[in-house]
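Novice: Structure incoming, see below.
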Amino acid sequence: MGGKGGGLGTTVVLSLVTVVLGAARGNEVLDSAQQNAEDGIRAFITTLGFEEVRFR
Numbered sequence: 010m011g012g013k014g015g016g017l018g019t020t021v022v023l024s025l026v027t028v029v030l031g032a033a034r035g036n037e038v039l040d041s042a043q044q045n046a047e048d049g050i051r052a053f054i055t056t057l058g059f060e061e062v063r064f065r
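Structure (structure tokens):
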């Protein structure tokens, strides 16, 4: 797997990442993770005195 140029090891890893991300999207895991992250960031930012936090 080591060495220059990536090769087969890189291809396998990228394929696995694609499969895992596809499954996560299908099960709405990514949506839930994004919402949880936004909620946590919003809570933190409002403790700093900001009244409004928007995400794009």
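Offset between the sequence shown (1-based) and my numbering: plus 9. Don't be surprised by glycine CBs; every beta carbon is placed ideally from N, CA and C.
(1) I need the straight-line Cα distance from Val-62 to Leu-17, nearest angstrom please.
(2) Any idea what DSSP makes of Leu-57, helix, strand or coil?
(3) Are Ala-33 and Leu-25 touching if we call contact CB-CB under 9 Å?
(4) Which runs of the alpha helix (DSSP H) at least 4 residues long sit entirely within the segment 11-47? Give them in chain order.
Specialist: If we stick to the structure as given:
(1) Along the sequence shown, one-based indexing puts residue 62 at 53. Along the sequence shown, one-based indexing puts residue 17 at 8. Roughly 44 Å separates the two Cα atoms.
(2) Mapped onto the sequence shown, residue 57 falls at position 48. In the three-state reduction of the DSSP assignment, Leu-57 falls in the coil class.
(3) Position 24 of the sequence shown, counted from the first residue, corresponds to residue 33. Position 16 of the sequence shown, counted from the first residue, corresponds to residue 25. No. Outside cutoff.
(4) List check, alpha helix (DSSP H) in window: 16-35.
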